[in-house]
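Residue numbers (my numbering): 283 to 616.
Note that CB positions come from ideal geometry on N, CA and C, so glycine has one too.
Have a look at the structure below before the remarks.
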């Protein structure tokens, strides 16, 4: 994630509200992969409104950031759950023999977007490869851009590094730039004075799930009720955050990340809804967090073809559907 802000020292303990006493609930820690932002809103919501507490958990959110490595803490047992980015890390874990599994995917669509200047001949997805310059970060260049090159014909020689500053993109009208649909378009609008074209990779073939919940197999084996509570609570939290009163959750986000503004929060939530990042497609039946074997296989096959993932990985070891696809929380959608 590409939010801006200061890394707060240490984890910020957030006490769950609710009718059950905190002392009676099991303490667990969820590590996010970036500073507090609306893209984490469902988890903050589930703490703020007592949803986790209602099924027996006292959840602490440990913020990520540029200097925080959350996944090693999951592997070492220092945290209970970790927010994955997309499915590639889960495939990699299987290849390395790491017993980690994805138990839910709270984003049906990866928020990764490619932006272009309107009216410059780059107004359609198929036009983007003709840009003079592709401004992409290193991680993107090694993952989704490899797919864009092999499957869609983008020119690898046109890629230049993205330094998380929109100024080069704003200055070059014939360039395209990566971003999160909830973040970079807002920065471009504020700094450049125009609304960029926004092409969501997920709407153009990049079919990974995102904002996954990663758990060690040992936790699944020994504390399945804890996993179920966290997965269900997170789903309900997302429904309430998107469709209910999210003020308390946003106040918690701003407390953890003081650089987060109300204007940015409002923009991000609107984009999450507009582009169906959390709630779209299969969630209409399966509920938020849902996944299917067919879609995971589809993404893996594309990544093998693009030489991003290794062939021959037993990807069924990367995830489990045991805790999801039950429509939990759909009644909360208003």
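- For residue 443, the beta-bridge partners assigned by DSSP are 418.
- Here the alpha carbon of residue 614 sits roughly 11 Å from the alpha carbon of residue 570.
- Counting other Cβ atoms within 10 Å of its Cβ, residue 531 reaches 16 or more and is therefore classed as buried.
- As DSSP reads the structure, residue 309 sits in a beta bridge with 340.
- Contact between residue 398 and residue 458 holds, with the beta-carbon distance rounding to 5 Å and staying under 8 Å.
- For residue 599, the CB contacts under 7 Å within the same chain, skipping 5 residues up- and downstream, are 376 in chain order.
- Between the segment 523-542 and the segment 311-328 there are three or more inter-stretch CB-CB distances shorter than 8 Å, so the stretches are counted as touching.
- The C-alpha of residue 557 lies about 31 Å from the C-alpha of residue 595.
- Where residue 388 is concerned, the enclosing beta strand (DSSP E) starts and stops at 382-389.
- Of the other Cβ atoms in all chains shown, fewer than 16 fall within 10 Å of the Cβ of residue 499; this residue is therefore exposed.
- Residue 329 sits in a helix when the DSSP states are folded into three classes.
- Between the C-alpha atoms of residue 413 and residue 430 there is a straight-line separation of about 13 Å.
- In the structure shown, the three-state DSSP call for residue 606 is coil.
- Apart from the 5 residues on each side of it in sequence, residue 471 sits with its Cβ closer than 7 Å to the Cβ of 477 in its chain, given in chain order.
- DSSP, reduced to helix, strand and coil, places residue 435 outside both helices and strands of the structure shown, so it counts as coil.
- In this structure, the CA atom of residue 510 is about 48 Å from the CA atom of residue 454.
- Exclusion of the five residues before and after residue 563 leaves 390 as the residues of its chain whose Cβ lies within less than 7 Å of its Cβ.
- About 6 Å separates the beta carbon of residue 388 from that of residue 560, a gap short enough to meet the 8 Å contact definition.
- Between the segment 331-341 and the segment 512-530 there are three or more C-beta pairs closer than 8 Å, enough to call the two in contact.
- With 16 or more other Cβ atoms inside 10 Å of its own Cβ, residue 368 counts as buried.
- In this structure, 605 is the residue among 612, 605 and 490 with its C-alpha nearest to the C-alpha of residue 497.
- Looking at the DSSP output, residue 494 shares a beta bridge with 366 and 387.
- Between the alpha carbons of residue 538 and residue 326 lies a distance of about 11 Å.
- At a Cβ-Cβ threshold of 8 Å, residue 462 and residue 395 count as neighbours.
- Per DSSP, residue 410 lies in no alpha helix (DSSP H) and is assigned neither H nor E.
- If you draw a straight line from the Cα of residue 447 to the Cα of residue 426, it comes to about 20 Å.
- Taking C-beta separations shorter than 8 Å and ignoring five residues to either side along the sequence, the partners of residue 578 in its chain run 369, 491, 597, 600 and 601, following chain order.
- One thing to note: residue 485 has its Cβ no nearer than 8 Å to the Cβ of residue 580.
- Apart from sequence neighbours up to five positions away, the residues of its chain that approach residue 311 with a beta-carbon distance below 6 Å are 342, 344, 361 and 362, ordered along the chain.
- The closest CA to that of residue 452, considering only 445, 408 and 473, is found on 473.
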